[in-house]
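Undergrad: Below you will find the structure I want to go over with you.
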Ligand SMILES: Nc1ncnc2c1ncn2[C@@H]1O[C@H](COP(=O)(O)OP(=O)(O)OP(=O)(O)O)[C@@H](O)[C@H]1O
Ligand SMILES: Nc1ncnc2c1ncn2[C@@H]1O[C@H](COP(=O)(O)OP(=O)(O)OP(=O)(O)O)[C@@H](O)[C@H]1O
Ligand code: SF4
Ligand SMILES: [Mg+2]
Ligand SMILES: [Mg+2]
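Residue numbers (the numbering used here), protein chains in the order written: chain A, 1 to 329; chain B, 1 to 334.
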């Protein structure tokens, strides 16, 4: 199983935090597999665990982690088995990078842009290395569309949109295979947002990076999505190719979520979900969505498995249990 | 003034409104000003819903606060019914506060944390002289029932942190309508409201507008939600309303290059999107402390007419009675 060449595979990933009020199960046994070179979008309501999942993939964890388990296979290696030291040396930045939520505000104000962008290259003092790093910085700046003279500037001299591009350049500079982008455009004005999506789309087409795009903005996520995952209360409730999810979502939660997204071009009746997601402190037994689900039936008091409805399309819902569909009350 | 199509008596009229903030150094030295609202005109009729759409920092909240009398305008005027508002007139302001409700769409910061729902709802009534406690009770019961917060008794003694984001939002709406205002101003910040919660709020506002004939000004950065809500849209850019019109007209036949760019920039949830690039202009929104000369959009505008757009601010041109555009492409600059 470890030899999934050409695939990025996550198996039973679990991450919980210890708090005064109890254990928060932020990522609860998430599994999926995606071909490299594609883009997966991860969507869900605020607090459903998107950022936590992104951080769990890259092992960038807060201090209060209570439990962190599962497997993350990249190029056939289970990254979870690597020591912290090896992970830092061989994986972070080099094979996989994370662009954190609101990263554009975390640039160091007193360092020139060029010094920050080249940081992941871990350039030593030598002149030759430095010249190479600078050249690489120029390449990625061209890729994301930042004028080269910005390398010499300081963060406060750049607009939000430009800072976001710089952050993106920083993630690209080591040429990692996998890049996790957490809400990369949420804080930007709409036109800038569209411009950055254009950049990402072009890089994806030309350079073959594997992206995981985390966002609460479902409409915009469709700009980049080859695959899509929907998260609810710490769990991945549906995972499939983007086309199926956007045109014919199967999980009752996915259906409601999609129905709440407004459209400009076509007329549709917007729906909303009454109620609220369950607490991750003591999540209910059985299906986590049951309390709000319009289609729940007796079986939903047990936790549903992720059911394969077709190759590469999983739904965590009892409605899709084979042969059982007609039995529901 | 014919803008409202004569469909009803005018409720709110905003004329050449300006709200500038003075920028000071060391607390006293005047170094400039932020032209947050800069020459805004519009007319709202009784019971009408309009949306004001614009990006972060374009002056939406300042406009809302000026309309509500929470912010003193530095120029122009706000007319409500047959009165001209004067924020220094305490008696008029007390009266006005009962006529307008304010919904700050911030699920986490809009309610005072140490008050129960009951106190939150009762306070505006006490201030506005609803003396009979049985009447106050009736109004609270009615408001909460309408917003589906039942059993009412159970919610009245709760504190905001004991409510979900959506429930807190409903308490904010209940508070805004408890005095039966003629106008509600709802200001949605660029927070990450989940789409489902937002739809729910819009739905509630629409019911209020229909059932009680309350006029609503709905302020948002998201053009795609407003078509489900209002009859007219005003598009705001750099402190000004640059295009006004009926929703369908704006969506199908936008005239201002900024509105067109916005419509192009907004995505519908469509899997085909991965195959196409968006044609949107680059650049950044203008600084309101140092706005560009001429048309505020000209540095980003693909249709800019050099010599005109970068020098003279475009006036409002009339496309149809309902559709107005501030752009030199639709008028003669000479
Ligand atoms: N370090 C932490 N300690 C305790 N709880 C945490 C910690 N980090 C996150 N959480 C909780 O875990 C849950 C998931 O949070 P997460 O930030 O992953 O959600 P999200 O889907 O990214 O939300 P958003 O869309 O608002 O960014 C939330 O309930 C959050 O409060
Ligand atoms: N009290 C103030 N003093 C100085 N400048 C202010 C003040 N309030 C707002 N501004 C400035 O006025 C401009 C408009 O701000 P406003 O809050 O009205 O924008 P907005 O459109 O509501 O933005 P958002 O969508 O982010 O809420 C901004 O440049 C802001 O920095
Ligand atoms: S006035 Fe000129 S610069 Fe402004 S939007 Fe119209 S064409 Fe563009
Ligand atoms: Mg997050
Ligand atoms: Mg605002």
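For glycine and all other residues, C-beta sits at the position ideal for the given N, C-alpha and C. If you're wondering where the values come from, they're calculated on a predicted model, not measured in any experiment.
Between the alpha carbons of residue 289 (chain A) and residue 23 (chain A), how many angstroms are there, rounded?
TA: When rounded, the distance between both Cα atoms is 20 Å.
Undergrad: Could you check the C-alpha separation between residue 99 (chain A) and residue 188 (chain A) for me, to the nearest Å?
TA: So the two alpha carbons sit approximately 15 Å from each other.
Undergrad: Whose CB is closer than 7 Å to a heavy atom of ligand 4? List the residues in chain order.
TA: Listed by chain position, these are A:50, A:51, A:101, A:182, A:183, A:214.
Undergrad: For ligand 2, is there any heavy atom lying closer than 7 Å to the beta carbon of residue 25 (chain B)?
TA: The answer is no for residue 25 (chain B).
Undergrad: In chain B, which residues lie less than 7 Å from residue 195 (chain A) when you measure between Cβ atoms?
TA: The contacting residues are 280, 282.
Undergrad: So, for residue 227 (chain B): in the same chain, excluding its five sequence neighbours on each side, which residues have a beta-carbon less than 7 Å away from its beta-carbon?
TA: Once the five neighbours on either side are set aside, the close Cβ partners of residue 227 (chain B) are 247, 251.
Undergrad: Less than 8 Å between CB atoms is the rule here; does residue 271 (chain B) satisfy it with respect to chain A?
TA: Answer yes: the Cβ-Cβ gap between residue 271 (chain B) and chain A drops below 8 Å somewhere.
Undergrad: Within the continuous alpha helix (DSSP H) that includes residue 257 (chain B), where are the two ends?
TA: Element bounds for residue 257 (chain B): 257-265.
Undergrad: For residue 200 (chain B), is the classification buried or exposed, using 16 other Cβ atoms within 10 angstroms of its Cβ as the cut-off for buried?
TA: Flag for residue 200 (chain B) reads buried.
Undergrad: Report the three-state DSSP secondary structure of residue 275 (chain B) (helix, strand or coil).
TA: DSSP places residue 275 (chain B) in helix when its eight states are reduced to three.
Undergrad: Quick one: which chain B residues come within Cβ less than 8 Å of residue 104 (chain A)?
TA: Near residue 104 (chain A) there are no residues of chain B at all, since even the closest Cβ is about 13 Å away, more than 8 Å.
Undergrad: CB-CB under 6 Å to residue 8 (chain B), same chain, minus the five flanking residues each way: which ones, in chain order?
TA: Excluding positions up to five away in sequence, the list reads 45, 46.
Undergrad: Which of the three DSSP states, helix, strand or coil, is assigned to residue 1 (chain A)?
TA: Its pLDDT being 45, under 50, residue 1 (chain A) is placed unreliably in this model, and the coordinates cannot settle the point.
Undergrad: Residue 225 (chain B) CB to nearest chain A CB: under 8 Å?
TA: Yes, contact with chain A.
Undergrad: What is the chain-ordered set of residues for which the beta carbon lies under 5 Å from any non-hydrogen atom of ligand 3?
TA: Matched residues: B:257, B:295, B:297, B:298, B:301, B:303, B:304, B:309, B:314, B:327, B:328, B:329.
Undergrad: If you measure between the beta carbons of residue 327 (chain B) and residue 221 (chain B), is that distance less than 8 Å?
TA: No, the pair does not count as a contact, with Cβ atoms beyond the cut-off.
Undergrad: Which value, in whole angstroms, describes the spacing of the CA atoms of residue 149 (chain A) and residue 169 (chain B)?
TA: Distance between the alpha carbons of residue 149 (chain A) and residue 169 (chain B): 47 Å.
Undergrad: From residue 184 (chain A) to residue 151 (chain A), what does the alpha carbon distance come to, in whole angstroms?
TA: Rounded to the nearest angstrom, the two C-alpha atoms are 21 Å apart.
Undergrad: Does DSSP classify residue 36 (chain B) as helix, strand or coil?
TA: The answer is strand: DSSP assigns residue 36 (chain B) an E or B state.
Undergrad: Going by C-alpha to C-alpha distance, which of A:322, A:303, A:125, A:300 sits closest to residue 310 (chain A)?
TA: Residue 310 (chain A) has its Cα closest to that of A:322, out of A:322, A:303, A:125, A:300.
Undergrad: Residues of the stretch 233-267 of chain B with a CB closer than 9 Å to any CB of chain A: list them in chain order, please.
TA: Correct list: 251, 258, 261, 262, 263, 264, 265, 266, 267.
Undergrad: If we require 4 or more residues per run, which alpha helix (DSSP H) segments fall completely within the stretch 108-153 of chain A?
TA: Runs of the alpha helix (DSSP H) inside the stretch 108-153 of chain A: 113-117, 127-144.
Undergrad: If you follow the beta strand (DSSP E) that residue 34 (chain A) is in, where does it begin and where does it stop?
TA: Start and end: 22-35.
Undergrad: Go ahead and pull the three-state DSSP assignment for residue 104 (chain A).
TA: Note: residue 104 (chain A) maps to helix in three-state DSSP.
Undergrad: According to DSSP, simplified to helix, strand and coil, what is residue 156 (chain B)?
TA: Of the three classes helix, strand and coil, the one that applies to residue 156 (chain B) here is helix, per DSSP.
Undergrad: Entirely within the stretch 165-215 of chain A and at least 4 residues each: give me those alpha helix (DSSP H) ranges in chain order.
TA: Listed in chain order, they are 190-207.
Undergrad: Checking the sheet assignment: what are the DSSP bridge partners for residue 236 (chain A)?
TA: The partner list for residue 236 (chain A) (beta bridge, DSSP) reads A:231.
Undergrad: Please work out which residues of its chain come closer than 6 Å, Cβ to Cβ, to residue 62 (chain B), disregarding the five sequence neighbours upstream and downstream, and give them in chain order.
TA: The residues are 19, 36, 37.
Undergrad: What residues from chain D crowd round residue 277 (chain B), counting only those whose CB sits closer than 7 Å?
TA: No chain D is present in this structure, whose protein chains are A and B.
Undergrad: Do we get a CB-CB distance below 8 Å when we pair residue 169 (chain A) with the residues of chain B?
TA: Not an interface residue.
Undergrad: Run through DSSP, which three-state label would residue 270 (chain B) get?
TA: Three-state result, residue 270 (chain B): coil.
Undergrad: Span of the beta strand (DSSP E) holding residue 319 (chain B)?
TA: Counting along the chain, the beta strand (DSSP E) containing residue 319 (chain B) begins and ends at 317-320.
Undergrad: Which residues, in order along the stretch 256-268 of chain A, keep a beta-carbon less than 8 Å from a beta-carbon of chain B?
TA: Listed by position along the chain: 256, 257, 258, 260, 261, 262, 263, 264, 265, 266.
Undergrad: If you measure from the CB of residue 339 (chain B), is any heavy atom of ligand 2 nearer than 7 Å?
TA: Because chain B spans 1 through 334 in this model, residue 339 (chain B) falls outside it and cannot be assessed.
Undergrad: Can you give me the Cβ contacts of residue 187 (chain B) inside the same chain, cut-off strictly under 8 Å, excluding the 5 residues immediately before and after it?
TA: Only 60, 61, 64, 102, 103, 104, 105, 219 meet the Cβ criterion.
Undergrad: Suppose only complete runs of 3+ residues qualify. What are the beta strand (DSSP E) ranges in the stretch 141-219 of chain B, listed by chain order?
TA: With a minimum length of 3 residues, the continuous beta strand (DSSP E) runs that stay inside the stretch 141-219 of chain B are 183-187.
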